[in-house]
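Reading through the structure tokens given below for one structure.
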Amino acid sequence: SYSLSVSAQGFKTSLSSADVVVGITIKKDFALQVGTRTEIVEVEAATPLVETSPGVNNVLDTKSILDLPTEGRDFKSILALTPGVQRSPGGGFLDVSISGQRTTTNNYMIDGVPNNDRFYGDELVGQPGLLGVPSALLGNDSIAEYTVQQLPTAENGVKGGAAINVTLKSGTNQFHGTAFYFGDYDWLNANNFFSSTRTAYHNHNYGGTLSGPIIKDRTFFFVNFEAQRNKSLAPYNVILPTQGDLQAAINFISCTPGNTATCPVDPGTGNPIVTNTNNLPMNAAGLALLKYYPCSDGGGGTVQCTPGAASAAVATGGFTQTVLLPDINTLPGSFIVKIDHKMNNKMSVSGRYLYADSNQSGPAFGYTIPPAAGSGLGADGFNSIVPTRVQFAGANWLYDISANKILDVRFSWSRFSQILAPNNKVDPLSLGIDTGPLNPVDFGVPPVYASSVTYGNIGGIQGYPLSTRPTQTYDTSAHVTWIKGTHTFKFGGNYQYASTFSLRNRSRTGLFSFQGDNALPTSDPAAPIPIPGMDVVLTQLLLGRLDRAARSFGDTARHIYQPSLGLFFQDEWKVTPRVIVSYGLRWDLNGALGDADKNGSNFFPCAPPEPSVCAPRGFPNGLVKLQQGFPRLYNLDLADLGPRAGLAWDVFGNGKTSFRVGYAMAYDVANFAAILAPYLYQGARAGAFTNSNLGVFSVRAEGNFCPGFVDPNLGCQPGLSTLFQAFGPNTCYDPATNTGALNPQTGTTGPDWACIGPQAGSPNPAVPFQTYGANPTGTPPFSIFGTVPNLKTPRIQYYNATIQHELFKNNVLTVSYIGAHGTNMFLNRQLNLRPIGCFVAGAQLKTGNCARPFDSVFQIGGVPEFSYVNQLTNDGYLRYNSMQVSYRQRDWHGLNSIVNFTWSNCIDTNSINRGGGSTLPIRENPYDPSSNRGPCDTDIRRNFNTGIGYDFPKWSAAGRFGEGWQIGSVVTAATGRPWTALLSSGADNSGQDLTYQRPNCIGKPIYQFSDPNSPTITNVPAVFAIPADGTIGTCGRNAFRGPHIVQWDFNLNKTTKITERISIQVRFEIFNLLNHPNFNTLPAGTTISQKKIDNFPDTSFSTYAQTPDVSSGNPFLSQGGPRAGQIGAKIIF
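Be aware that the sequence shown starts at 461, since it is given in my numbering, and climbs by one per residue.
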């Protein structure tokens, strides 16, 4: 807040004050009264709520941030108290979308300088780690206010979305400070909806602030320290094996020609059905992995899966129960220091520095199970751990050149260092598993993934460790503000250099068993003996023969960088005392993403479907490495010109009613991961810096996926016999003898199993079988990644019309139309797919007209060089339209309130820069971008929220007990997010040879959200059908809706003065006061099959298993969980 004094000859001096917000021009009008300068008139100091300057800005001050209930003391939990902001229920990673934009588009700032993680696209300080809680806290007590600018100004570049600017507090001539503690305890909480027992949980948050003068009237300091430690046991519903399943698997292995005592009996003949016809022994590596499995005891408890245990009588088929996985967050401290110094009457400097360390541990997805007791690993042994270090520094130099010119120079440096790794370093060789050369950083128990995603999995995340150590950004900007008559000119620019050191080896082996429920053939073909899927999984494990093993080889250490330059000019012209017109222009030049060691490549087919995309002169078509003559992956985009314009009209000239319109065109530079580390897609792990010609390749030891035996006439038949084949040339994957997978339907031959551990009959049965062979090499065809040569910067156009009216003093109603139009948005395309129609009579055709486009164009040794070819294009677009209504009331007899309602519609072709995969909506028809048109992932049609605080009047008769009482309330009610239904048949009916396709939609769904144990869609057979062979499903992307979210948070605060300068505040906060059950939106890739349609209601489709807080890895500490309590105390001086 600044004091203002205005004087003129013949008029009285007028005094007032104004609250200045970083990045926003503040207008202050003075009406001078006739008199002498020695006469002083003091104008009411309150900042007007009606905005009479162009723009769409929303400010939340320190009182709202500190007084309203905030879960986890994360200020973003009340960021949703801003119109147009959609935050994911449960919070977490990349959780904020504003004005329909992608969650990587937001421009986060601290004191006007960038606070962005250029790798992932999230904020840097405050970015969640694994658990959805910040890895570096920006403490609420350090924030003076935050501002959301929905229409980007010309001053801001690189990120093309709304500017979210946090202003830190500064010191004054008086010493001030706080010391606080907030605690969340499980005895304050209700049970999770999906658990019959209360979740063990505690959270401790403590710290303090101190501010004051270093040199009175010249130099001031502000420091903040905040730490957080929490631990919980998050509940997950999974299918565990039972001792009965284990005993059934052991019986199958024991059933040999010479020992039929454990063999199943043919009910028609009474004869034993011999399963282990080749007398294969139990595999040592399989037994070593078995010890990590907890077996259900059928009563909610677990025991270590042990052959021959007495509890083997427990039924087979797996047992669904709740397992508790530890979430642990240790944040020893975030430290902030800010120094403000007034050099003289014309110059001042300000600097700030933040340092934070944290370590988070938790299950990375909901079907990881804890290691069994007695396995040698703790309950968090399969957790992922995320050690993180965050540093942020910024400086501002402000120079008053003259009475009407100001120079503002800003510099910032940020550093984000993080690794995601498994929480064990078990060497696979110590388990008898030989997967080839392995760096110790990639050690860990190999993950074992069962046939159904709901089966409990051991080992954690195969793709870890991942490392960005560090991502750094340097940013320098300068601009001049020049007031000339009725014009306020601002011009300048900024230069930013961002880099990251990335390591993404993905060298851990994942073991996969794809067998669902099967059957043993009997003498009566109509009466096979059923075999539960869990029995098959354990049998495979104990024999050391899985359906698939996969890992990557090669060094993926990359030094990625990107420079950016921007120049701008803007003017606010006060045409009349009641009309302000603004206009401006920004030009951006962004370098192509590059690697310091030239480890990058792009794909130039120069053949259909991209005949005009040819390699640079002098280079052969195909994959071309960065080198002399080919210095960058894609050409520079020189046409990033972004105009801005706006008009503000003080309708009646009294500052109580304004009409504003605005337009802005902004450019959004992609996060590094979009090109360096796109999401897994069709088995492709490659990015532009890890393509197959860069020494990085994946090997998949592929099985035949046949759970029984192969009849020469009928193909794959149910049963277990192929599991027990003697070792031979077509049994275990060995690249020296076979490289293809056996497909009985098409007659191709290859290995039956991916093998681990010693294998009887192998060339050296006394040592572990080499799962990928003695000398693993990349074998074509490869999946690769490229970009269009003229990759453009995504462009977003914003437009708004706003009416704002002061209903009565300090009560303002705002009604806005805000829209956005995105073009040149990033969208991945598959270039090398088979034509639609190449699926006939249940079989994928692969030759002739059904060959892939590049099969005959690019070959190695007569074999096609490429399979899936991912190309990043600018084919995407976005449309967003909204009506945003906001009511703000300030300080009416102690009452302050914010009420917002957003009614919006967001349509796009893809909501994520990094592409798609099994968990993301993919393009239904890669040859037609519009076929992926649908609601944005963040499309919430109706969103209502309120934030209300009330200071009770003092009750003098009660003394100190009767003063300082305060309540706060935050209410959220929003409709559900969309999700996509995909086919789970394992085949692409369209013939394009994609993994995922959508079903046909034949009717309108009827929803129910009250019973999560029943399907959300109550009329599945009337909604879905399987597409005919050779056709594309008619269901749209994001065609279905998830459950709404309703939550009321409440707090009661009591502040008691101990002395004139010292107070103690006690707080009690309750989140989800009414304990309203909220459920997580279904995954985008929720699958349907003909079996699920025919057997409806099938509770495996469209049912909910988690609350939003658990889904984000953040139980109780974020929105969407059960009722949770928090107590706190704060000393204020």
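Glycine included, C-beta positions come from ideal geometry on N, C-alpha and C.
Here P695 is near L784, since their CB atoms are less than 8 Å apart. If you compare the alpha carbons of G793, I921 and D860 with that of G841, the shortest gap goes to I921. The alpha carbon of I893 has as its nearest neighbour, out of Y827, R968 and W857, the alpha carbon of R968.
Taking a C-beta distance under 8 Å as the contact criterion, Q610 and I558 qualify as a contact pair. Taken through DSSP and simplified to helix, strand or coil, A1009 comes out as strand.
With fewer than 16 other CB atoms across the displayed protein chains lying within 10 angstroms of its CB, I1518 is exposed.
Here DSSP, grouped into helix, strand and coil, assigns D868 to strand.
Annotated as distal: Y1193 and A1220, with beta-carbon spacing of 8 Å or more. Less than 8 Å separates the beta-carbon of G620 from that of T565. Per the C-alpha coordinates, the member of N864, I943, Y934 and G970 positioned closest to Q956 is Y934. The Cβ atoms of R1374 and Q1331 lie no closer than 8 Å to each other.
Note on K676: under 16 other CB atoms within 10 angstroms of its CB, so exposed under the neighbour-count rule. Counting along the chain, no beta strand (DSSP E) covers P1568; the unbroken alpha helix (DSSP H) around it starts and ends at P1568 to S1571. A check of alpha carbon separations from A1485 across T1432, L590, N1059 and G1463 identifies G1463 as the nearest.
Taken through DSSP and simplified to helix, strand or coil, W1033 comes out as strand. N1309 sits in a helix when the DSSP states are folded into three classes.
For N711, there is no enclosing beta strand (DSSP E); the enclosing alpha helix (DSSP H) covers residues Q703 to S714.
Per DSSP, the unbroken beta strand (DSSP E) holding A1126 starts and ends at T1117 to Y1127. Taking the Cα positions, S890 is about 15 Å away from V901.
Judged by DSSP secondary structure, M569 falls within the beta strand (DSSP E) whose first and last residues are N567 to I570. Secondary structure of T1398 (DSSP, three-state): coil. V734 and I991 have their alpha carbons spaced roughly 14 Å apart. Within a 10 Å sphere around the beta-carbon of A1280 sit 16 or more other beta-carbons, which makes this residue buried. In this structure, V940 keeps its C-beta atom at 8 Å or more from the C-beta atom of L1053. In the structure shown, P1076 falls within a coil segment according to DSSP collapsed to helix, strand and coil.
The continuous stretches of alpha helix (DSSP H) do not include G952, which lies in the beta strand (DSSP E) extending over residues H947 to L963. Beta-bridge analysis with DSSP links A1161 to A1009.
If the five residues before and after T1117 are omitted, its C-beta is found closer than 8 Å to the C-beta atoms of V510, D1110, V1111, I1263, Q1264, H1265 and E1266, all from its own chain and listed in chain order. For T1197 and P1138, the gap between their C-alpha atoms comes out near 33 Å. Per DSSP, reduced to three states, the secondary structure at T1491 is coil, with no helix or strand assignment. By the C-beta criterion, the region 1148-1158 is judged to be in contact with the region 1079-1087, since at least 3 inter-stretch pairs fall below 8 Å. Contiguous alpha helix (DSSP H) elements confined to the region 794-852 do not occur, taking only those with 4 or more residues.
Here D646 has R658, T659, A660, Y661 and H662 as same chain residues with Cβ atoms under 7 Å from its own Cβ, once five neighbours each way along the sequence are excluded.
The closest CA to that of W1439, considering only I1408, Y1232, G1496 and P1487, is found on G1496. Distances from the CA of I674 to each of R1401, A650 and T632 were compared; the closest alpha carbon is that of T632. Contact between Q764 and A832 holds: their C-beta atoms lie close to 4 Å from each other, under 8 Å.
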